[in-house]
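Asks:
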Amino acid sequence: SGALDLVPIVEVVNLSRALARLKEADFRISGLDADGEVTIDAAPPAARRVLVVGSEGSGMRRLVGEHCDEILSIPIDRRIDSLNVSVATSLALWSLTRAGR
């Protein structure tokens, strides 16, 4: 319901292979991880972007991260270990879409 109808969501068998094909189709691949080197506010603009998030316990797999153009992070108070994956995803999507990134 709501905005979910506007967001393409796909399910794939092999994520690494799917990301490689998306790169070939000129998508920018952005990973989201607590240790990412680029904050979501500093993400480079992209006309077409894929946001990859890892699992809540173990994060993003190494091979998946290697397909990313950058790994984004959300600046939070360092006394907080991490954010719930659904909260982190919503913050990242909000930040990336508000400025046309």
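According to our numbering, the sequence shown holds residues -12 to 88 in order.
Note that beta-carbon positions come from the ideal geometry of N, C-alpha and C, so glycine has one too.
1) Just how far apart, CA to CA, sit E24 and E57?
2) If you compare alpha carbons, which of S77, V72, E11, I63 is closest to T153?
3) Please give me, in chain order, every unbroken run of the beta strand (DSSP E) with length at least 3 that falls completely inside the stretch 54 to 80.
4) Buried or exposed: where does G18 fall if 16 or more other Cβ atoms within 10 Å of its Cβ makes it buried?
5) Please report the straight-line C-alpha distance between A33 and R49, rounded to a whole angstrom.
Replies: By the coordinates alone:
1) 8 Å
2) The structure shown does not extend to residue 153, since the chain is modelled only from -12 to 88, so the question has no answer here.
3) 57 to 60
4) buried
5) 23 Å
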